[in-house]
Amino acid sequence: MLINVSPSGEPAGAVGEPPPSTPVIPQSEPATLLRPWAGYELLDVPHTARALQAIWSGDPATVVRSPPGAGKTRFVSLAAAALGTRAGLRVGLAAQTRMQAIELATRVAALTDRVVLVWKQDDPETPRIPGLRVVTARHVTSRFRNGGVIVATAESWMYRNADAMACDVMMIDEAWQMSAAKLEPLGAFAQQIVCVGDPGQIPPMVTAQIPARWERDPHAPHLPSPEVLMRKFPEVTTVVDLPHTWRLGSDTTALIQPVFYPQQPFTSRRPPTAVRRPDGEALPEVVRRTVSASAGRADPRATAAVARRVDELLDGHVLEREGHPTRPLEASDIAVVCPHVIQSSAVRALLEAHPGVVVGTANQLQGSERPATVVLHPLIGHRGIGPFATDLGRACVLLTRHSAHLTIVTDPAIEDVLFAAPAGTPGAVEHLRLLERLSLLPQV
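Going left to right, the sequence shown walks through residues 308 to 751 as the numbering used here numbers them.
As structure tokens, this is what we get:
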């Protein structure tokens with residue numbers, strides 16, 4: 308472990324000091340020399356530089372909080388490459404799913420050859436990606452004694468020998484999707500823990516009944532791992548907030564930030580992007596469509612309203628993005644995001660003529676992005692209230708999968724349902740605040 312060593316390889320000051328400035332390059336030398344090692348570009352931004360400095364300097368725990376579309380996967384890839392090559396550290400990288408592990412390993416492999424993806428032996432689904440080495444766990448022990456990156460799913464790490472696969476740093480991607488109970492075993496692999504993720508996402512899924520003693524315990528094992536880490540060890544945990552979203556426009560940012568990220572201010576730095584009508588007029592970034600859904604969660608009026616909106620968007624609308632030629636909006640540019648499986652199944656049947664449209668639940672499409680989305684409000688069709696319907700993470704995911712345009716289908720009865728909720732119902736106050744903001748949106 309390198310304590311108080313700067314990314315340049317020279318001694319650094321105390322933890323928390325800014326990283327060294329960019330080396331002075333003579334004017335005659337090419338600008339590419341400003342990127343002398345993988346991950347160096349993290350020093351261009353104060354917040355990512357501070358996070359890298361904290362990890363490199365040996366802080367026991369670092370939590371990087373990211374709003375939607377802030378580039379957290381980019382940060383994880385660049386930081387892992389920098390630590391594994393320039394710092395000479397052995398970095399463990401834990402992903403939540405196989406697909407995420409493949410994506411992370413592929414990104415790191417584009418930066419350095421000192422990376423392996425750990426996979427089960429003789430698995431017919433073993434990925435074969437040029438430039439990426441895929442190995443079994445028993446072939447990891449002798450690799451990267453002088454630094455490198457080992458990528459595996461969090462589940463895979465938990466079944467490995469902590470002595471044989473010991474690391475200097477364990478980085479957890481999408482850490483808010485992992486419970487505190489699953490973080491604890493990963494701590495056996497490294498003295499340093501780095502959690503990177505989006506606090507607004509859907510919390511870890513718990514299939515068992517939560518004992519009463521844990522319902523109000525701030526350190527309960529079913530809670531998101533970074534939250535418990537920050538509460539339990541505040542004196543040794545460095546917290547860095549990424550301050551910009553590159554996916555969401557200013558209207559969406561103004562809609563969601565006060566509701567879902569009240570302690571984490573951020574702004575939009577999305578390049579100019581818009582969906583335009585056939586007459587050339589730009590659609591508002593966020594609009595609402597109101598429908599009375601009194602027949603339950605799968606009310607056909609609600610799902611039909613979603614399908615009609617998709618048909619409208621595919622009828623002559625175009626996508627305009629800075630740096631790209633304007634082109635017709637295609638089915639693959641649109642996602643429909645629903646709270647419940649029964650809703651997504653009904654919408655998928657109605658959109659049989661548009662197989663390219665991605666249709667799924669918030670859980671299924673968490674982490675995805677499309678230029679345009681059409682979503683059902685999580686409380687549509689409800690006449691009572693429950694923890695699933697008022698879960699803030701699910702609502703946040705529904706409202707943040709788009710980069711250019713969002714249509715949210717709502718129900719006038721939602722307000723009465725929320726007002727009738729018992730005092731102290733988790734998420735009810737935030738949903739009322741969100742509903743007030745949604746009521747100000749233009750209708751279509």
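Positions of the beta carbon are idealized from the N, C-alpha and C atoms, including for glycine.
Everything numeric in this text was worked out from a predicted model, so none of it was measured.
Which residue wins for smallest C-alpha separation from residue i, given the options the options?
i    : options                : result
D470 : M478, H446, A497, W483 : A497
L493 : G674, V643, A368       : A368
V441 : D420, V352, L555, D480 : D420
A660 : A638, A408, A461       : A638
L725 : H684, P565, Q650, S710 : H684
T597 : H631, L686, I715       : I715
T574 : Q564, R583, T580       : Q564
T443 : L424, A361, G454, F567 : L424
V582 : G365, I479, I641       : I641
L390 : D430, E462, W344, H529 : W344
V547 : T413, K379, P607       : K379
V513 : D622, P585, Q484, H624 : Q484
P729 : G691, L745, S652, R595 : G691
T697 : M406, R740, S384, G455 : R740
A561 : K489, R445, C703       : C703
E588 : G731, V665, V566, G623 : G623
E629 : S373, R577, P646       : R577
Y568 : P579, T552, T580       : T552
T680 : S710, G663, S651, Q671 : S710
Q407 : P525, G507, S675       : S675
P480 : W363, R372, P572       : For the sequence presented, residue 480 should be read as Asp rather than Pro. Here the closest residue by C-alpha is R372.
H529 : L411, S652, A487, C502 : A487
E348 : V383, D366, R595       : V383
Hey, quick one: how far does the beta strand (DSSP E) through residue i stretch, first residue to last?
i    : result
I715 : 709–717
V543 : Unbroken run through V543: none, as it is neither H nor E.
A581 : 580–583
G700 : Note, G700: premise wrong, no beta strand (DSSP E); alpha helix (DSSP H) at 699–705.
L626 : 625–628
V643 : 641–645
Could you tell me if residue i is buried or exposed, where buried requires 16 or more neighbouring beta carbons within 10 angstroms of its beta carbon?
i    : result
E336 : Low local confidence applies: a pLDDT of 36 at E336 is under 50, so the model's placement there is unreliable, with the coordinate-based value given in what follows. Exposed, by the Cβ-count rule.
E491 : exposed
H712 : buried
S313 : For S313, the predicted model reports a pLDDT of 37, less than 50, meaning its position is unreliable and no value from the coordinates is stated.
Q570 : exposed
P318 : Any answer about P318 is weak, because its pLDDT of 35 lies below 50 and its placement is not dependable; what the coordinates show is given next. That one is exposed.
V648 : exposed
G693 : exposed
P333 : Interpretation of P333 is limited by its pLDDT of 35, a score under 50 that renders its predicted location unreliable; the figure taken from the coordinates is listed afterwards. Exposed, because fewer than 16 other Cβ atoms sit within 10 Å of the Cβ of P333.
A612 : buried
A358 : buried
Q750 : exposed
G376 : buried
L340 : For L340, the predicted model reports a pLDDT of 46, less than 50, meaning its position is unreliable and no value from the coordinates is stated.
Y466 : exposed
P607 : exposed
D505 : buried
F695 : exposed
A338 : Unreliable placement is indicated for A338, whose pLDDT of 42 sits below 50; the coordinate value is still reported in the next sentence. With fewer than 16 other Cβ atoms within 10 Å, it is exposed.
T329 : Note on T329: pLDDT 37, under 50, position unreliable in the model; the coordinate value appears next. Exposed.
G731 : exposed
P800 : With the chain represented from 308 up to 751, any question about residue 800 goes unanswered, as that position is not in the structure.
Q508 : buried
S746 : exposed
E743 : exposed
Name the one or two DSSP bridge partners that residue i has.
i    : result
G399 : I457, M477
A368 : I500, T544
S575 : T552
Q750 : R595
L424 : V441, V458
A527 : DSSP, once it has assigned bridges, lists no residue as partnering A527.
S486 : P531
A763 : Because the chain spans 308 through 751 in this model, residue 763 falls outside it and cannot be assessed.
P506 : In DSSP, P506 forms no bridge with anything.
R634 : L626
Starting from residue i, trace the alpha helix (DSSP H) in both directions and tell me its first and last residue.
i    : result
P678 : It is not in any alpha helix (DSSP H) - P678 instead sits in the beta strand (DSSP E) that spans 677–683.
A469 : No alpha helix (DSSP H) holds A469; DSSP gives it neither H nor E.
I563 : 557–567
T380 : 379–388
T355 : 353–363
L620 : 607–620
V666 : Run containing V666: none in the alpha helix (DSSP H); it sits in the beta strand (DSSP E), 665–668.
F726 : 721–726
H738 : 735–745
Q407 : 405–416
A656 : 648–657
Within 8 Å, do at least three Cβ pairs link the stretch 533–542 to the stretch 598–605?
no
Should the stretch 394–402 be regarded as contacting the stretch 726–739, the criterion being three or more beta carbon pairs within less than 8 Å?
no
Are the stretch 551–563 and the stretch 524–540 touching by the rule of at least three beta carbon pairs closer than 8 Å?
no
Stretch-stretch touch, CB-based, cutoff 8 Å, three pairs: the stretch 476–486 with the stretch 379–398:
yes
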